[in-house]
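A.B. asks: -12 is the number of the first residue of the sequence shown in our numbering; add one for each residue after it.
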Amino acid sequence: MARPVLRTAFCDLVGVEYPVALAGMGPVAGGIVGPVATAELAAAVSNAGGLGVIGGSGYGPERLREEIARVRALTDKPFGVDLLLPANYLGEAADRPPPADPRELVPAEVREGFRAMLAALDVPWLEAPSVSTATRPALRGRGGGMSDAQMEVVIEERVPVFASGLGSPAPWLDRLHANGAVVLSLVGNVKNARRLAGAGVDAIVAQGTEAGGHTGRIGTLPLVTQVIRAVAPLPVVAAGGIGDGRGAAAMLAAGAVGVWCGTAFLVAEEANQPRAQLERILAATEEDTRITRLYSGKTMRNIRNPLIDAWEASGIRALPMGVQGIVIRDVVHSLRAAGRDDLLMNAAGQIAGMLTETRPAAAILAGIVAETVEILTEGLPAAVTARAGNGGHA
-12 MARPVLRTAF
-2 CDLVGVEYPV
8 ALAGMGPVAG
18 GIVGPVATAE
28 LAAAVSNAGG
38 LGVIGGSGYG
48 PERLREEIAR
58 VRALTDKPFG
68 VDLLLPANYL
78 GEAADRPPPA
88 DPRELVPAEV
98 REGFRAMLAA
108 LDVPWLEAPS
118 VSTATRPALR
128 GRGGGMSDAQ
138 MEVVIEERVP
148 VFASGLGSPA
158 PWLDRLHANG
168 AVVLSLVGNV
178 KNARRLAGAG
188 VDAIVAQGTE
198 AGGHTGRIGT
208 LPLVTQVIRA
218 VAPLPVVAAG
228 GIGDGRGAAA
238 MLAAGAVGVW
248 CGTAFLVAEE
258 ANQPRAQLER
268 ILAATEEDTR
278 ITRLYSGKTM
288 RNIRNPLIDA
298 WEASGIRALP
308 MGVQGIVIRD
318 VVHSLRAAGR
328 DDLLMNAAGQ
338 IAGMLTETRP
348 AAAILAGIVA
358 ETVEILTEGL
368 PAAVTARAGN
378 GGHA
């Protein structure tokens, strides 16, 4: 049987068969969960005709280099790496020499607040073991402290596609483009879309609030349509709440050149997803997610749990990204020691309600493509009669 044809300008831009990209889902807050989008999942999506993207944010530089080598061993198709380049990483602490123990950056009242909150949930407080600097990103650096050494690896390895999940890749654009890399940047509002378009990225990924993980406040449809108008003729990829052909067809009809899908691939067989988190996603409804700053300091959509509810009610302030991650490492260590995996971070979007089974990534992508093609070629023409007018003139 012939493969379906679904081609847009995005396919030509990044060299893929289908305009579907895997969101580069990486770990946050010291590697609470994940990364989900490892080389295995990225390669599976690329081999199926989409753009596989490694979630590289939690890797130290040499570990990231190994993951890039791994994806190249698994596919000869284009792939990408997604990194976080937050502008406010560590907040004011970024201007001071890093302490010997990063825990010194966490205010005592915040740590005690977390300790009391866990005690109320019958979880004893335990400090996590120290993490080697060889296996985690540095605390300091341009673009937020997570990025310099990682970006050097992306450039040295001549990664075909780079995506900035947060922040701006502007300091590295000339070197990336000199390598022939395509640069995508995720945004949650029109202001940042204009800023990054002006910086010279190759495409904007407009991500609506429906998305899992780090996300903003604007719905996908109003965001995508306004970003398209704001940055035209720059290509715009739609993200947030897209996990099937209906969502993909809607975004293509709205003018997007492709779709960026995360939650749909959380349940892929190749996803690096702990069983407990996977089962909670499969059991979730569309109303079971909540946006919180608990796990990273930035707004993030997760499957709701009692820890999120307790933190939101506690009044404990969110710390800047990076500093929040330091205290959350101890929280996660305490939860795992107590066997409370149900309270761990479980990033997922509002489309979790439509996910009911695990499948190979290739099958997930094939399903999205087939349904999109069916809607665009048969469903819409059969359901809608449209004809261009002549402006009222006979």
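For each residue, glycine too, the CB sits at the ideal point set by N, CA and C. Quick caveat, the model's predicted, so the values are computed rather than measured.
Under the rule that 16 or more other beta-carbon atoms within 10 Å means buried, what is Glu375, buried or exposed?
C.D. replies: Residue 375 sits at position 388 when you count from the first residue of the sequence shown. For clarity, residue 375 is Ala in the given sequence; the question names Glu instead. With a 10 Å radius around the Cβ and a threshold of 16 neighbouring Cβ atoms, Ala375 comes out exposed.
A.B. asks: Taking 8 Å as the cut-off, decide whether the C-beta atoms of Ala236 and Val32 are in contact.
C.D. replies: Taking the first residue of the sequence shown as 1, we reach residue 236 at position 249. Taking the first residue of the sequence shown as 1, we reach residue 32 at position 45. Cβ atoms of Ala236 and Val32: not closer than 8 Å.
A.B. asks: Buried or exposed: where does Val371 fall if 16 or more other Cβ atoms within 10 Å of its Cβ makes it buried?
C.D. replies: Position 384 of the sequence shown, counting from 1, holds the residue named residue 371. With fewer than 16 Cβ atoms within 10 Å of its Cβ, Val371 is classed as exposed.
A.B. asks: Where does Ala186 sit, in a helix, a strand or coil, going by DSSP?
C.D. replies: Walking along the sequence shown from the start, residue 186 turns up at place 199. DSSP places Ala186 in helix when its eight states are reduced to three.
A.B. asks: Answer with buried or exposed for Gly42, where buried requires no fewer than 16 other C-beta atoms within 10 angstroms of its C-beta.
C.D. replies: Numbered from its first residue, the sequence shown carries residue 42 at position 55. So Gly42 counts as buried.
A.B. asks: For Met287, which three-state DSSP category applies?
C.D. replies: Here residue 287 is taken as the residue at index 300 of the sequence shown, counted from 1. It is a strand residue.
A.B. asks: Check Thr(-5) in the structure and name its three-state DSSP category.
C.D. replies: Residue mapping note: residue -5 aligns to position 8 of the sequence shown, counting from 1. The answer is coil: DSSP assigns Thr(-5) none of H, G, I, E or B.
A.B. asks: Would you tell me roughly how many angstroms separate the C-alpha atoms of Gly312 and Leu0, rounded to the nearest one?
C.D. replies: Start at 1 with the first residue of the sequence shown, and residue 312 comes out as number 325. Start at 1 with the first residue of the sequence shown, and residue 0 comes out as number 13. Taking the straight line from one Cα to the other gives about 35 Å.
A.B. asks: Out of Ala255, Ile215, Phe252 and Glu256, which one is the CA nearest neighbour of Leu239?
C.D. replies: For the purposes of this step, residue 239 is taken as residue 252 along the sequence shown, with counting starting at 1. Comparing Cα positions, the closest option is Ile215.
A.B. asks: Using 8 Å as the threshold, is the C-beta distance between Phe298 and Met104 below it?
C.D. replies: Here residue 298 refers to the residue found at position 311 when the sequence shown is read from its first residue. Here residue 104 refers to the residue found at position 117 when the sequence shown is read from its first residue. It should be pointed out that residue 298 corresponds to Trp in this sequence rather than to Phe. Yes, the pair counts as a contact, with Cβ atoms nearer than the cut-off.
A.B. asks: From this set, Val(-8), Leu183 and Gly203, which residue's C-alpha is nearest Ala219's C-alpha?
C.D. replies: Stepping through the sequence shown from its first residue, residue 219 is reached at position 232. Closest by alpha carbon: Leu183.
A.B. asks: If distances are taken between C-alpha atoms only, which option among Ile55, Ser172, Gln213 and Val246 comes closest to Val7?
C.D. replies: Indexing the sequence shown from 1 puts residue 7 at position 20. Answer by Cα proximity: Val246.
A.B. asks: What residue does the beta strand (DSSP E) around Val8 start on, and which one ends it?
C.D. replies: Counted from its first residue, the sequence shown places residue 8 at position 21. The sequence shown places Ala at residue 8, not Val. Residues Val7 to Leu9.
A.B. asks: For Leu28 and Ala258, which I take to be in contact (beta-carbon distance under 8 Å), what is that distance rounded to the nearest angstrom?
C.D. replies: Within the sequence shown, numbered from 1, the residue matching residue 28 stands at position 41. Within the sequence shown, numbered from 1, the residue matching residue 258 stands at position 271. The pair is a contact, with the Cβ atoms about 5 Å apart (cut-off 8 Å).
A.B. asks: Only counting the same chain, and skipping five residues up and downstream in sequence, which positions put a Cβ closer than 7 Å to that of Leu(-7)?
C.D. replies: Taking the sequence shown and counting its residues from 1, one reaches residue -7 at position 6. Around Leu(-7): Tyr5, Pro6, Val356, Thr359 and Val360.
A.B. asks: Tell me, please, which residues DSSP counts as bridged to Asp69.
C.D. replies: Here residue 69 is taken as the residue at index 82 of the sequence shown, counted from 1. In the DSSP secondary-structure assignment, Asp69 is bridged to Gly42 and Ala150.
A.B. asks: When you compare each of Pro(-9), Gly47, Ala241 and Gly230 to Leu342 by their alpha carbons, which one comes out closest?
C.D. replies: Taking the first residue of the sequence shown as position 1, residue 342 is located at position 355. Residue Gly230 is the option with its Cα nearest to Leu342.
A.B. asks: Whole angstroms are fine: how far does the CA of Leu160 sit from the CA of Met187?
C.D. replies: What you label residue 187 is simply residue 200 of the sequence shown in a count that begins at 1. What you label residue 160 is simply residue 173 of the sequence shown in a count that begins at 1. Here residue 187 is Gly; the residue named in the question, Met, does not match the sequence. In a straight line, the C-alpha of Gly187 is about 7 Å away from that of Leu160.
A.B. asks: By Cβ distance, which residues of its chain are closer than 7 Å to Leu367, with the 5 residues on each side in sequence left out?
C.D. replies: Mapped onto the sequence shown, residue 367 falls at position 380. Contacts found: none.
A.B. asks: Give the straight-line distance between the Cα atoms of Glu273 and Gln337, rounded to the nearest whole angstrom.
C.D. replies: Within the sequence shown, residue 273 is the residue found at index 286, counting from 1. Within the sequence shown, residue 337 is the residue found at index 350, counting from 1. Taking the straight line joining both Cα atoms gives about 5 Å.
A.B. asks: Considering only the beta carbon of each residue, do Ala193 and Leu210 sit closer than 8 Å?
C.D. replies: Here residue 193 refers to the residue found at position 206 of the sequence shown. Here residue 210 refers to the residue found at position 223 of the sequence shown. Yes, they are a contact pair.
A.B. asks: If you follow the beta strand (DSSP E) that Arg277 is part of, which residue opens it and which one closes it?
C.D. replies: Taking the first residue of the sequence shown as position 1, residue 277 is located at position 290. Here the beta strand (DSSP E) through Arg277 covers Thr276 to Thr279.
A.B. asks: Leaving out five residues on either side along the sequence, give the residues of the same chain with a beta carbon under 6 Å from the beta carbon of Gly227.
C.D. replies: Here residue 227 refers to the residue found at position 240 when the sequence shown is read from its first residue. Contacts found: Gln194, Gly195, Glu197, Ala198 and Thr207.
A.B. asks: Evaluate the contact criterion for the stretch 89 to 106 versus the stretch 302 to 316: three or more CB pairs, one atom per stretch, below 8 Å.
C.D. replies: yes
A.B. asks: From the DSSP output, read off the bridge partner residues of Leu171.
C.D. replies: Counting from one through the sequence shown, the residue named residue 171 turns up at place 184. DSSP output for Leu171 lists Ala150 and Ala190 as bridge partner(s).
A.B. asks: Helix, strand or coil: how does DSSP classify Arg346 here?
C.D. replies: In the sequence shown, the residue the question calls residue 346 occupies position 359. Reduced to three states, the DSSP call for Arg346 is strand.
A.B. asks: Fully enclosed by the stretch 202 to 283, which alpha helix (DSSP H) runs are 4 residues long or longer?
C.D. replies: 207 to 218, 232 to 241, 250 to 253 and 262 to 270
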